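To keep things clear, I will list the structure first and then write my remarks on it.
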Amino acid sequence: MSGHAPPELVCLGESMVTFLPSRPGRLADVPSFARAIGGAESNVACALAAAGHRVRWVGRVGRDGFGDHLVETIGGYGVDVGAVGRDPHRPTGVYFRTAADRATDAHEVAYYRAGSAASAMSPATVPYDSVADGRILHLSGITAALSADCLALMRELTAPRPGRPLVSFDVNHRPRLWRDGAAGDVLLELARRADLVFVGADEAEALWGVGETDAIRGVLPEPAVLVVKRGGEGAVVFERCAASFPTPPLPEPGALPPDPRASNAGGAEFQTVTHVPAPRVDIVAPVGAGDAFAAGFLSATLRGLGATARLRHGHLMAAAALTVPGDLAAPPRRGHADRLAALDDAAWGTLHLGPGWTGDPCQPGDDQEVRTP
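Following our numbering, the numbering of the sequence shown begins with 18 at its first residue and continues without gaps.
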């Protein structure tokens, strides 16, 4: 990635050092842990950089060894980390988790992030210029829950202003972080100010009491693009204006699609709705899939692909994360993903992805398991 070319996409949020257990069991019984990294926005940044995009991650870490590890590891994926703040007075956040399914109650997570360097992000500590020069700015609801200063920053970044990047917002509701009952109102406010929103049907039910796809769009009519994720059932994208994003032929390498907010200037608004089922996946660990889905959808968005292709690339990137043990997975090669995303509906419906599937079948020696019975 060139150090001089502007990023295509900027991700802002907290990243933490994660300690993964050496064996299943209660945290009280686990004798040792392996160190990794975790953070919704940095996960998206790493996945997009690994997929060949120019990406910057903006965050704040302590001036400590854990902060060094985060910056070096995220930078190792090809992410621009030059705008990461280093706080000499606050520590880098860390957390420990058990090996059980994080998506159910059969797990423990112990966070040590209160008072972290990231919780001190604010309009005063994060220069707007550090996040405003990308085509897309990707945020999540996690940041809003960290502190009043972080919420003030999120409100500033989502406020309408001339030249604002397209704002992508993943609701990412984390109930443990919200202790005052404000999550529903705050996350709805931020989502309504974004251009592109990702939300799970389960999140919408918990936050706003609506779980049906059309009802969720009724609660969130403002975003030009709304992606509702329904787990194994697939995902639905609502778009105001069929031309919200360009369709093939693709832009020249390095070219960016036109601003979707201006694509229907002066014309009547209308909406398209596209549903794409999720492929069958042999799950190794149900972690990191939501961030990976967002990365796949955003990658296809930057490439100017149509709605079905964007959803399919989201599902494929999620499948890459689901078929490895950790949060971050190597994405499939672009040509491999493009071939799968271009399958007809019948072939897509029989797609079955297992561990190793991201290897390109056109490249000898790659381990891969892709079944289309």
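C-beta atoms are modelled at their ideal positions from N, C-alpha and C, and glycine is treated no differently. For clarity, every value in this text was computed on a predicted model and none was experimentally measured.
- Taking every protein chain shown into account, the CB of Y145 has fewer than 16 other CB atoms within 10 angstroms, so this residue is exposed.
- H353 carries a helical assignment under DSSP once its states are collapsed to helix, strand and coil.
- Following the DSSP letters along the chain, one finds E256 in no alpha helix (DSSP H) but inside the beta strand (DSSP E) bounded by residues 252-257.
- DSSP places M138 in the coil class of the three-state scheme, outside both helix and strand.
- Look at I300 here: in three-state DSSP terms it is coil, with no helix or strand label.
- The region 178-188 makes contact with the region 200-212: 3 or more CB pairs, one atom from each, lie closer than 8 Å.
- Taking all protein chains shown into account, G305 has 16 or more neighbouring C-beta atoms within 10 Å of its C-beta and is therefore buried.
- DSSP, read as helix, strand or coil, puts A347 in coil.
- Considered as a whole, the region 222-252 harbours 242-246 as its complete beta strand (DSSP E) runs of no fewer than 3 residues, in chain order.
- Around the C-beta of S316, 16 or more other C-beta atoms lie within 10 Å, and the residue is accordingly described as buried.
- For W195, the three-state secondary structure derived from DSSP is coil.
- Separation of the CB atoms of V75 and S147 is rounded to 5 Å, and the pair is thereby assigned contact status at 8 Å.
- L168 is not a Cβ neighbour of A176, given a cutoff of 8 Å.
- Counting along the chain, the unbroken beta strand (DSSP E) around T291 starts and ends at 288-293.
- Residues A162 of the same chain have their beta carbon placed closer than 6 Å to that of L194, with the five preceding and five following residues left out of the count.
- Each residue's CA atom was taken as its position, placing I300 and R178 some 42 Å apart.
- DSSP places G102 within a strand segment (E or B) once states are collapsed to three.
- Within a 10 Å sphere around the beta-carbon of F287 sit fewer than 16 other beta-carbons, which makes this residue exposed.
- A buried status is given to A312, since no fewer than 16 other beta-carbon atoms sit within 10 Å of its beta-carbon.
- The beta carbon of G110 is closer than 7 Å to those of E31, M33, Y129, R130, S133, A135 in its chain, skipping five residues each way along the sequence.
- Taking 8 Å as the cut-off, the beta carbon of A62 is found closer than this to the beta carbon of V96.
- For A211, there is no enclosing beta strand (DSSP E), as DSSP marks it with neither H nor E.
- If you look at R43, you'll find it isn't in any alpha helix (DSSP H); DSSP assigns it neither H nor E.
- CA-to-CA, the gap between G180 and A68 works out to about 27 Å.
- Residue pairing by DSSP puts M33 in a beta bridge opposite G55.
- Here the alpha carbons of S39 and F314 stand approximately 33 Å from one another.
- Looking at the DSSP output, L333 bridges to nothing.
- In the three-state DSSP reduction, A324 falls in the helix class (H, G or I).
- Y94 sits in coil when the DSSP states are folded into three classes, being neither helix nor strand.
- For the 8 Å CB-CB criterion, R80 and A137 do not form a contact.
- Between the C-alpha atoms of G228 and H106 there is a straight-line separation of about 43 Å.
- By a beta-carbon distance limit of 8 Å, E250 contacts P294. Their separation comes to about 7 Å.
- G151 places its beta carbon 8 Å or farther from that of L328.
- Excluding the 5 residues flanking it on each side, T340 has same chain C-beta neighbours closer than 6 Å at V301, P372, in chain order.
- In this structure A337 is not in contact with A324, their Cβ atoms being roughly 21 Å apart against a cut-off of 8 Å.
- Here D361 carries a coil assignment [DSSP, helix/strand/coil].
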